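Asker:
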Amino acid sequence: MKIDSYKLILNHITAGEHMLNMKTPEKYEEYKQMAFMFLNHKGKHLFEENILSQYREGMTLVKLFDQEQNRFVQGANHKKDGKNQKTWYDLSAMEEIEREDHFFDYFFACKLRQINLLEIDKCLAFHLEHSFKDDWQDYSRFLNITLRKHQKMLGTDIVETVMEWIKLSETDNISKELSGNEKSAKTKNKVKRSRDDSVTKLNQEQTALLIHFLQIGKIILKDEDLNKKEAGQAFSILTGYSADSLRQNLSEKELNLISNKKNLAVISNAIINLGLLIDKEIKDKK
Numbered sequence: 133m134k135i136d137s138y139k140l141i142l143n144h145i146t147a148g149e150h151m152l153n154m155k156t157p158e159k160y161e162e163y164k165q166m167a168f169m170f171l172n173h174k175g176k177h178l179f180e181e182n183i184l185s186q187y188r189e190g191m192t193l194v195k196l197f198d199q200e201q202n203r204f205v206q207g208a209n210h211k212k213d214g215k216n217q218k219t220w221y222d223l224s225a226m227e228e229i230e231r232e233d234h235f236f237d238y239f240f241a242c243k244l245r246q247i248n249l250l251e252i253d254k255c256l257a258f259h260l261e262h263s264f265k266d267d268w269q270d271y272s273r274f275l276n277i278t279l280r281k282h283q284k285m286l287g288t289d290i291v292e293t294v295m296e297w298i299k300l301s302e303t304d305n306i307s308k309e310l311s312g313n314e315k316s317a318k319t320k321n322k323v324k325r326s327r328d329d330s331v332t333k334l335n336q337e338q339t340a341l342l343i344h345f346l347q348i349g350k351i352i353l354k355d356e357d358l359n360k361k362e363a364g365q366a367f368s369i370l371t372g373y374s375a376d377s378l379r380q381n382l383s384e385k386e387l388n389l390i391s392n393k394k395n396l397a398v399i400s401n402a403i404i405n406l407g408l409l410i411d412k413e414i415k416d417k418k
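Following the numbering used here, the numbering of the sequence shown begins with 133 at its first residue and continues without gaps.
#1: Rounded to the nearest angstrom, what separates residue 336 and residue 290 at their Cα positions?
#2: Please state the DSSP three-state secondary structure of residue 409.
#3: State whether the segment 237 to 248 contacts the segment 277 to 284, with contact taken as three or more CB pairs (one from each stretch) at a distance under 8 Å.
#4: Does DSSP put residue 186 in a helix, a strand or coil?
#5: Tell me, to the nearest whole angstrom, how far the beta carbon of residue 223 is from that of residue 286; I am working on the premise that it is less than 8 Å.
#6: May I ask you to report which of helix, strand or coil DSSP gives residue 222?
#7: In whole angstroms, what separates the C-alpha of residue 184 from that of residue 376?
#8: List the DSSP bridge partners of residue 216.
#9: Using DSSP bridges, identify the partner residues of residue 206.
#10: How would you call residue 177, buried or exposed, if buried means at least 16 neighbouring beta carbons within 10 angstroms?
#11: Taking C-alpha atoms, which residue in 334, 207, 218 lies nearest to residue 403?
#12: With a 10 Å radius around its C-beta and 16 neighbouring C-beta atoms as the bar for buried, classify residue 397 as buried or exposed.
#13: Taking the Cβ atom as the reference point for each residue, do residue 272 and residue 301 lie within a distance shorter than 9 Å?
#14: Suppose only complete runs of 4+ residues qualify. What are the alpha helix (DSSP H) ranges in the segment 244 to 273, listed by chain order?
#15: Compute the distance between the beta-carbons of residue 138 and residue 259, then report whether it is under 9 Å.
#16: Name the DSSP beta bridge partners of residue 178, please?
Written out as C-alpha cells, the structure reads:
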C-alpha cells in the first residue's frame, strides 16, 4: 500500500465498511450514522444544486438516490437565499478525518480493521508522524484507549497486533530518546532564533518551503529517504530554527497553508540572488 492510503479518507472508509457489512446491513447503518455525525460537526451539508452540479445535465435527486442508495443521508433544513431548504450529507466525500475531528478514534478503528494485518505496523507508524506529530506519549495513550473502546469492532487479532507494536515501539522510542539526548548536547544551536528575526534570508516557514522544493528538485533526498523529523534536525543545525517547528511546517497541511505568494516570492528571490553569486564566481574563474 502507498503511504497516503493510510490516511483516514471518508470516501475510502465508507467503501470499506460497505464491503465488510454487506451481510450485516444493521452494522452499516451504524457506520452511516457515525459518518453523518462527523460531516454534521464539520458543517459539510449540501444543497440540491451542490450535489447535481457534479453530474451530467438531466440528472435529478430521485434518479441519483436510486442509483446510489447508500451514499447520501438527509440532514436538517438550512437557510439559503432567505428560504429553508433541504440538505444532504455525502458519505463518499473525499474528506480527511484528522486528529482534532470528532469521532477520529472511531474512523481510526475502522481503518485498522479494513487493512491487511501485515500492513498494521506501517499504518500505526504513519499516524504517529502524520496525526500525532511524533508525540509518543499522546499516541500510545490514544491507542490503548481506542483498543479498549472498540475492542469488539476490531477483534482479537488486530488488538494483539497493535499491542505488540506498542511494546516494540516503546522500547525503540526509549532508545532513540537516550541517543537523542547525547546528540542534542553535541549539536545544540548557538544562535537563538525567532520566527522573523532576519538572521538568515528566509524565515522559519520559508525555510520549510525551501526544504520541500529542494526535495522535489532532487537537490536533497526525498521524503522516502529523509523523513520530516530528520530534515528538520538537519536544517535546524544549518539555520538555528527549532527542529520540531520545521518538522511541523513540513506536514502536508502546513505546507498548503504557508505556500502563499509572499513566501514563494521571497524564496524565489533568494534563489535568484544565490544564482547571481554563483554566476559571478564562474565569471571570476575565467
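Glycine included, each C-beta is placed from N, C-alpha and C at the ideal position.
Since we're looking at a predicted model, the values are computed, not measured.
Answerer: Short version:
#1: 41 Å
#2: helix
#3: yes
#4: coil
#5: About 22 Å separates the two Cβ atoms, so there is no contact after all.
#6: strand
#7: 44 Å
#8: Paired residues: 211.
#9: In the DSSP output, where bridge partners are listed per residue, residue 206 has 220.
#10: Buried, since its Cβ has 16 or more Cβ neighbours within 10 Å.
#11: 334
#12: exposed
#13: yes
#14: Within the segment 244 to 273, the complete alpha helix (DSSP H) runs of at least 4 residues are 252 to 262.
#15: yes
#16: 220
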